[in-house]
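No gaps in the numbering here: position 171 of the sequence shown is 180 in the numbering used here, and each next residue is one more.
Down below is the structure, laid out as structure tokens.
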Amino acid sequence: MTIQENISLKSHNTFGIDVKARFFVEITGLAQLQKVLELTAYPKRFIISGGSNMLLTKDIDALVMHINLKGISIAEENGESVEIKAMAGENWHNLAMWSLDRGYGGLENLSLIPGNVGTAPIQNIGAYGVELKDVFISCTAMDVETGELVAFDKEDCQFGYRDSIFKNEAKDKFIITSVNLRLTKKDHVLHTGYGAIEEELKSNGIVYPTIRDISNAVIAIRQSKLPDPKELGNSGSFFKNPVISKKKFDKFIKHHPKAPFYELEDDQFKIPAGWLIEQCGFKGKRFGDAGVHEKQALVLVNYGKATGKEILELAENIQKEVKNKFGIDILPEVNIIK
Ligand code: EPU
């Protein structure tokens, strides 16, 4: 195991922010992970995986552990379904494609989501009407204090909208090492209800879609709206869509009758933050190398040399403007490292 010093993290975060790790180690095995956690010379640690959901605003004065655990296997199967186990360092989209290649259903709507398997449970990744929790069975995580492996089932994870125990009580206490998912081998449950998917299938003349057709539709929609981090640094949706009470919603919709919204349970309403940000005039705007994507205002982008602080400043201005215009607070979805 080699511990490197002063390593740039530019290629380890999808925003492409050029900050340095004081120390850096590549983690490729569980025993090695345990050993690194025992090293007393590096009391400060920082975990990085796909780096697709973080904004780094300064150099990391710690031992940065890049979780690069690999492997996908079948844990169990019967005629109807299969339980797969994927190690944390596997790329999420590769896992989705691996599943589709074998005819397994469940991940098609989650195609092309950037990032790695190990971070998927942290924010309960979701897109086009499906969330990780819909296929999730359990995950294994290493306790950073004891080095022990602990199993978390679906209930333990306390999944919510872009939320889980790993963003709350369990934050910084565990490193997710693998995830087990239940996928279907037949009688796939298709989720085509999300407007854009129906339109995309229709425009391709598909009436009875397969799981592959749905995946292709999702890929086409994402490619048309969301920037590819390899070409333009970004972290997907920067903010969560705000959820407001009925009382607040009634007032809001009276003033903005054209606003899109989703009605949730318990008299709650979700308003697309992308719409709110666009209404404030930010869509497609550029401030130095920090900008708001021209096709999806929820996505902040790095045109090349933006610093994390510049992106953060833009995010804070957006929050302020949205609050002034609509009286609604929008909160970041990405993990901001200050
Ligand atoms: N909208 C605008 N202007 C914009 C962007 C969106 O008016 O610039 C409006 C759209 O017209 C539409 C509504 O907002 O009426 C919703 O837009 P969209 O379908 O693009 O979805 P979203 O709510 O903006 C969420 C997720 C995305 C996910 C899509 C599809 C969050 C924070 N984001 O975006 O997830 O791909 O739905 O399911 O929930 C991510 O988390 O990184 C991510 C990309």
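Virtual Cβ for every residue (Gly too), placed ideally from N, Cα, C.
As the structure is a computational prediction, the values presented were derived from the model and not from experiment.
{"query": "Pairwise C-alpha distance: methionine 74 and isoleucine 230", "result": "34 Å"}
{"query": "Coarse secondary structure for valine 216, derived from DSSP in three states", "result": "coil"}
{"query": "Supposed close pair phenylalanine 391, valine 252 - CB separation, criterion 8 Å", "result": "This structure does not reach residue 391, given that the chain is present from 10 up to 347, and the question cannot be answered."}
{"query": "Which of helix, strand or coil DSSP assigns to glycine 115", "result": "coil"}
{"query": "For lysine 304, the nearest candidate out of Val139, Arg191, Glu117 and Leu235 (CA to CA)", "result": "Leu235"}
{"query": "Leucine 273 beta carbon near the ligand EPU (any heavy atom closer than 6 Å)", "result": "no"}
{"query": "Three-state class that DSSP yields for lysine 257 in the structure shown", "result": "helix"}
{"query": "Boundaries (first-last residue) of the alpha helix (DSSP H) holding glutamine 132", "result": "Per DSSP, glutamine 132 belongs to no alpha helix (DSSP H) and is neither H nor E."}
{"query": "Residues sharing a beta bridge with arginine 191, DSSP", "result": "Glu92"}
{"query": "Three-state secondary structure (DSSP) of methionine 106", "result": "helix"}
{"query": "Residue(s) in a DSSP beta bridge with proline 269", "result": "DSSP lists no partner for proline 269."}
{"query": "Heavy atom of the ligand EPU within 6 Å of serine 61 beta-carbon", "result": "no"}
{"query": "Cα-Cα separation between aspartate 237 and isoleucine 228, rounded to whole angstroms", "result": "11 Å"}
{"query": "Among Phe24, Leu109, Gly336 and Ala95, nearest to histidine 265 - alpha-carbon criterion", "result": "Gly336"}
{"query": "With 16 other Cβ atoms within 10 Å as the buried cut-off, status of methionine 63", "result": "buried"}
{"query": "Simplified DSSP assignment, three categories, for glutamate 47", "result": "helix"}
{"query": "C-alpha gap between serine 90 and leucine 116, whole angstroms", "result": "13 Å"}
{"query": "Segment contact, 8 Å Cβ cut-off, at least three pairs: the segment 99-112 with the segment 123-134", "result": "yes"}
{"query": "Sheet register partners of proline 341 (DSSP bridge)", "result": "Phe248"}
{"query": "Cβ distance (whole Å) where isoleucine 286 is taken to contact isoleucine 327 below 8 Å", "result": "6 Å"}
{"query": "Glutamine 277: CB within 6 Å of a non-hydrogen atom of the ligand EPU", "result": "no"}
{"query": "CA-to-CA distance, valine 139 to lysine 163, given in whole angstroms", "result": "15 Å"}
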